[in-house]
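The opening residue of the sequence shown carries number 1 in the UniProt record's numbering; numbering runs sequentially from there. Here's the structure we're looking at; comments come further down.
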Amino acid sequence: MTLLILLLIIIGMIVGFRRGGLLQFIHLFGTISAIIIARLNYKTLGSKLDLIMPYPSSALEVDNTILKDIPDLETAYYYMAAFFFIFIITKLIIQIFISTFDYLQQINFHVVASSIAGVIFGVIETICILVVILAFAATIPMDALQNAIDGSGLAKFILNHTLILSDRLMSWMQI
């Protein structure tokens, strides 16, 4: 799991480097916008997901060591599933809109500064996306997935210590 996360962060750095600071900032803004839109709408969808997507029956057998502070894991599962689905759909729609700004990649202001800013924004965007994915994955009651996240120090660090986003996601899982 740690190697996969490191690989994704490196890919985020390369993508940010290639896009440049301005275009990567627009992509980061799109990711943050998708998180905000998902935050505003996840409870409405989450309360209805139990009719469509049943909570796995193996949940009683799985000891969730990652989210041990959350009392109702079933509600957290539905809320994070709704958050994740809304985030992905919104992110795709925003990406389609942002693709119209790809010409900004051709504008060279300060190539070195733009590349460095692109790398920084690329890492930030990748970590924001990883927090959302890991938070959703942490609610899925599967031993293999729980053990993979619990066995990765980097995954637990990203899930628990990503500045503002980690605390917010954990509080949004609560009832």
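Ideal Cβ positions, reconstructed from N, Cα and C, are used throughout, including at glycine.
Inter-residue spacing [alpha-carbon to alpha-carbon] between residue i and residue j
i: leucine 154; j: isoleucine 127; result: 11 Å
i: tyrosine 79; j: glycine 46; result: 5 Å
i: threonine 152; j: phenylalanine 109; result: With the sequence shown as reference, residue 152 is identified as serine, and threonine is not the correct amino acid for it. If you take the alpha carbons of serine 152 and phenylalanine 109, they lie about 40 Å apart.
i: asparagine 41; j: phenylalanine 83; result: 8 Å
i: glutamine 146; j: glutamine 106; result: 43 Å
i: histidine 161; j: leucine 67; result: 14 Å
i: valine 132; j: leucine 169; result: 8 Å
i: isoleucine 150; j: alanine 138; result: Per the sequence shown, the amino acid found at residue 150 is aspartate instead of isoleucine. Taking the straight line joining both Cα atoms gives about 9 Å.
i: leucine 51; j: glycine 122; result: 37 Å
i: alanine 135; j: aspartate 167; result: 11 Å
Span of the alpha helix (DSSP H) around residue i
i: glycine 118; result: 111-139
i: asparagine 147; result: 143-150
i: glycine 16; result: 2-19
i: threonine 162; result: Counting along the chain, threonine 162 falls outside any alpha helix (DSSP H), and DSSP gives it neither H nor E.
i: glutamine 95; result: 73-98
i: aspartate 50; result: 49-52
Counted within 10 angstroms of its Cβ, other Cβ atoms place residue i as buried (16 or more) or exposed
i: serine 99; result: exposed
i: phenylalanine 157; result: exposed
i: residue 213; result: As shown, the chain starts at 1 and ends at 175. That puts residue 213 outside it, with no answer to give.
i: lysine 91; result: buried
i: alanine 38; result: buried
i: alanine 144; result: exposed
Supposed close pair residue i, residue j - CB separation, criterion 8 Å
i: phenylalanine 97; j: isoleucine 35; result: The pair is not a contact, with the Cβ atoms about 16 Å apart (cut-off 8 Å).
Three Cβ pairs or more, each shorter than 8 Å: is that satisfied between the segment 5-15 and the segment 124-144?
yes
Using 8 Å as the threshold, is the segment 14-30 in touch with the segment 64-77, meaning 3 or more CB pairs across them?
no
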